[in-house]
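Student: Mind looking over this structure? Questions follow.
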Amino acid sequence: MKKIILTVVALCLIASTAFAAKSYTVSVTQIVEHPALDAIRKGTLDRLKEKGVDVTANVHIAQGNPATNVQIISQIIGEQPDLVLAIATPGAQAAAQKIKDIPIVFTGVTDPVSAGLVKDLANSGGGNITGMSDFSPMDKHVALIQEVVPTVKTIGVIYNAGEPNSVVLVNKLKEEAAKAGLSVEEATIANSSGVYQAAKSLVGRADAVYVPTDNTVVSAIESAVKVCRQNKLPLIAADVDSVSRGAVAAVALDYYKMGLQSGDMAYRILVEGVKPSDMPVEFLNDLNLHVNKKAAASMGVTLPEEMIQRAEKVIE
Amino acid sequence: MTTYALFGALEMGFAYGLMVIGVYITFRVLDFPDLTVDGSLPLGASVTAVCISAGYSPALAILLSAGAGFLAGAMTGVLNTKFKILHLLASILTMISLYSINLRIMGRPNMTLLGQDTVVDWFIESTGWAAYLSTPFLFLIICILAVAVLIWFLHTEQGLAFLATGDNKQMITSQGVNTDSVIIFGVGLSNALVAISGSLVAQNQGAADVNMGVGTIIAGLASVIIGETVFGDKTITRALIAALLGSVLYRIAIALALGLKLGEFSFTPSDLNLITALLVVTALVMPRVKRKFLPRSAS
């Protein structure tokens, strides 16, 4: 009996040390360095470390170059990682095309179905890929606009028609606005220097301006803020960083939290051995509300006291 | 650098090889700096994505892409020769209008080809080789075919007139050649090659994206100049092959930069562009340094 117990204890020890000593390699592909995308990456790797996983990360960033984005995939195949983390749509598409035998977790992808990454959100008949969508909860955005500007009839939206994610978001905005009995006026741009003019074109056509998570517009949001201040037009954003840059309010995804949740997905694949094909696409429903009182005053609206009370962050 | 990374560089080098040859034709042969390529590369991809999604064969998609690219280039040529718009500006005008046109063609900014049959899948299946080996080989074959046709063409009477147009416009006009048509045809031909490249790239990466042309001209010019410096350009045949190999060397430089061990010299992924530029500069400067320090007979 003693012998058996000893053997079992020894086996357990061996198993646990073997378990603890197992180290994993994760290769990351990311199209560009960008605060939101960087936060996702940090969140994912932090969560894996938190859970005690010994993980080495090979981080590749294409610096916005579409050709380099594809070449990174060959680099990753050479690294033979245990898991590929693909942040944002271009990297995920290239990875899905080329990598069939290594599990892939995509994250920060707005519409994984139309990007061709998964057949449907349930990931039925899925392959070696699953992940998270950062689709903005557009119904909540429309509700926020109505809360800030109760008299709103027409929402003006500025976006880059060349950004796949933005087109999907604006279609969704139109759908949700219609449900709320509102109309949408669009102003499209091709590069960030067009933001100022696009914002101006909305003056007189819209009662509030909404900026989705569009990389091009967000990078030059100050020009839109300027136009909105001059014309007392409230500007509502889809990301919280834009609030500290002068937007009135935003109820948005926290990209770091999105990273943490992606890290959980990676953990299930790496450590628990769950197959990506058995994992449906996940969303983040934990939202943050940020408001900017000064911006509200300069754009001619007063924020309801109740809203200020429930905000995570209030900029005076 | 791993084998996969090396073959990946070959794959990208050959996929963009026809683009580089297209840039060579306008930039060196016609002496026409052409920025249309940043728009005609995604044009080829867009046409391909729409064709393949509609159920047409990938090979037909490549041909139609070439046709669309030819039209785009010819447009730049017409703006320049018939409307007397400066070549650089003419090409920028075509390039920016192609952005909207590509959005129209696809009806959206990104069109996926994941799960669709492409020429790449077809070749992998029919050879039975691993994807990392067969894909560069397929692109190499396509490049060799295109270069062979180009070399044949440039040795015909029209081809010789074509070559002479960039060298000495006045002389060739006095020979009774209409240089306007040569330029329109030449820029068209160049962009047809670029669009084929765009088609191959889209089929290889599994999606056509309206922004995939960003930086094409920079990669093209860098590849042309690396090719010239390293492999020489004494004859047109040699120059075309040098352009193709220049494209491969450029991608190998990027693969080296991507594979550099991070951390030790505190390089971060954000240094990629700088490292690539430095590697390319080294490739360009080495032959000069060698010439300076080695005796002439050795070269």
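Same order as they appear, the protein sequences are chains X and H.
Sequential numbering from 246 applies to the first sequence in the working numbering.
Sequential numbering from 114 applies to the second sequence in the working numbering.
We put the CB at the ideal spot given by N, CA and C, even for glycine.
(1) Work out the CA separation of Leu389/X and Gln215/X for me, nearest whole Å.
(2) Are the CB atoms of Phe145/H and Ile296/H nearer to each other than 8 Å?
(3) Count the other C-beta atoms from every protein chain shown that fall within 10 angstroms of the C-beta of Ser381/X, then say buried if there are 16 or more, exposed otherwise.
(4) How long is the line joining the alpha carbons of Glu517/X and Lys296/X, rounded to whole angstroms?
(5) Residues of chain X with CB under 8 Å from Phe120/H, in chain order?
(6) Is there a C-beta anywhere in chain H that falls below 8 Å from the one on His305/X?
(7) To the nearest angstrom, how far is the alpha carbon of Gly407/X from that of Pro222/H?
(8) For Pro525/X and Ala281/X, which I take to be in contact (beta-carbon distance under 8 Å), what is that distance rounded to the nearest angstrom?
(9) Taking just the CA atoms, how far does Val150/H sit from Asp379/X?
(10) Using a Cβ-Cβ cutoff of less than 8 Å, which residues in the same chain neighbour Ile264/H once the five nearest sequence positions on both sides are dropped?
(11) Under 8 Å, Cβ to Cβ, is there at least one residue of chain X near Ser412/H?
(12) State the start and end residues of the unbroken beta strand (DSSP E) segment that holds Ile434/X.
(13) Using the Cα positions of Ser468/X and Ala444/X, report the straight-line distance between them to the nearest angstrom.
(14) Pro457/X CB to nearest chain H CB: under 8 Å?
(15) With a cut-off of 8 Å on the beta carbons, I'd call Tyr500/X and Ile285/X a contact; round off their distance for me.
(16) Between which two residues does the beta strand (DSSP E) carrying Met377/X extend?
(17) Since Asn373/X and Ile349/X are thought to touch, with beta carbons under 8 Å apart, how far apart are those beta carbons, to the nearest angstrom?
(18) Roughly how many angstroms separate the alpha carbons of Thr547/X and Val397/X, rounded to a whole number?
(19) Is Lys294/X close to chain H? Criterion is C-beta to C-beta, closer than 8 Å.
(20) Three-state secondary structure (DSSP) at Asp499/X?
(21) May I ask you to report which of helix, strand or coil DSSP gives Ser319/X?
(22) Can you give the Cα-Cα distance for Pro588/X and Val363/X, rounded to whole angstroms?
(23) So, is Leu391/H buried or exposed, given that buried needs 16 or more other C-beta atoms within 10 angstroms?
(24) Can you list, in chain order, the stretches of the alpha helix (DSSP H) that have 4 or more residues and sit fully within the region 452-515 of chain X?
(25) My output table needs one value for Thr274/X: the three-state DSSP class, helix, strand or coil.
Tutor: The structure says:
(1) Residue 215/X is absent from the structure shown; chain X starts at 246 and stops at 561.
(2) Within the second sequence, residue 145/H is the residue found at index 32, counting from 1. Within the second sequence, residue 296/H is the residue found at index 183, counting from 1. Cβ atoms of Phe145/H and Ile296/H: closer than 8 Å.
(3) Locating residue 381/X in the first sequence gives position 136, counting from the first residue. It counts as buried.
(4) Taking the first residue of the first sequence as position 1, residue 517/X is located at position 272. Taking the first residue of the first sequence as position 1, residue 296/X is located at position 51. Going by the C-alpha atoms only, they are around 12 Å apart.
(5) Taking the second sequence and counting its residues from 1, one reaches residue 120/H at position 7. Those are Ser319, listed as they occur along chain X.
(6) Here the question's residue 305/X lines up with position 60 in the first sequence. Yes, His305/X counts as interfacial toward chain H.
(7) The count along the first sequence starts at 1 and reaches residue 407/X at position 162. The count along the second sequence starts at 1 and reaches residue 222/H at position 109. Distance between the alpha carbons of Gly407/X and Pro222/H: 5 Å.
(8) Here the question's residue 525/X lines up with position 280 in the first sequence. Here the question's residue 281/X lines up with position 36 in the first sequence. Not quite, the Cβ-Cβ distance comes to about 23 Å (not below 8 Å), so this is no contact.
(9) For the purposes of this step, residue 379/X is taken as the residue at position 134 of the first sequence. For the purposes of this step, residue 150/H is taken as the residue at position 37 of the second sequence. If I take the Cα positions, the gap works out to 33 Å.
(10) Position 151 of the second sequence holds residue 264/H. Ile349, Thr350 and Leu353, listed in sequence order.
(11) Reading the second sequence from its first residue, position 299 is the one you call residue 412/H. Bear in mind that a pLDDT of 44 at Ser412/H, under 50, signals an unreliable position, so the number given afterwards is only what the model happens to contain. Answer no: the Cβ-Cβ gap between Ser412/H and chain X never drops below 8 Å.
(12) Translated into positions along the first sequence, residue 434/X becomes position 189. Here the beta strand (DSSP E) through Ile434/X covers Ser428 to Ile434.
(13) Here residue 468/X refers to the residue found at position 223 when the first sequence is read from its first residue. Here residue 444/X refers to the residue found at position 199 when the first sequence is read from its first residue. Taking the straight line from one Cα to the other gives about 8 Å.
(14) Translated into positions along the first sequence, residue 457/X becomes position 212. Cβ-Cβ to chain H under 8 Å: no for Pro457/X.
(15) As a first step, residue 500/X must be located in the first sequence, where it is residue number 255. As a first step, residue 285/X must be located in the first sequence, where it is residue number 40. Sure, about 5 Å apart at Cβ, within 8 Å.
(16) Sequence index remark: in the first sequence, residue 377/X carries index 132 (1-based). Its beta strand (DSSP E) spans residues Ile374 to Ser378.
(17) Here the question's residue 373/X lines up with position 128 in the first sequence. Here the question's residue 349/X lines up with position 104 in the first sequence. Indeed, because the Cβ distance is near 6 Å, the residues count as touching under 8 Å.
(18) Numbered from 1 along the first sequence, position 302 holds the residue referred to as residue 547/X. Numbered from 1 along the first sequence, position 152 holds the residue referred to as residue 397/X. Cα-Cα distance, rounded: 14 Å.
(19) Locating residue 294/X in the first sequence gives position 49, where the first residue counts as 1. No, Lys294/X does not count as interfacial toward chain H.
(20) To locate residue 499/X, count along the first sequence from 1; it is residue 254. Three-state DSSP puts Asp499/X in coil, outside helix and strand.
(21) Residue mapping note: residue 319/X aligns to position 74 of the first sequence, counting from 1. Helix, per DSSP.
(22) It is not possible to answer for residue 588/X, since the shown part of chain X is limited to 246 through 561.
(23) For this step, residue 391/H is matched to residue 278 along the second sequence. Exposed: under 16 other Cβ atoms inside 10 Å.
(24) 460-464, 466-475, 486-489 and 500-515
(25) The residue labelled residue 274/X in the question sits at position 29 within the first sequence. In this structure, Thr274/X counts as strand in the three-state DSSP scheme.
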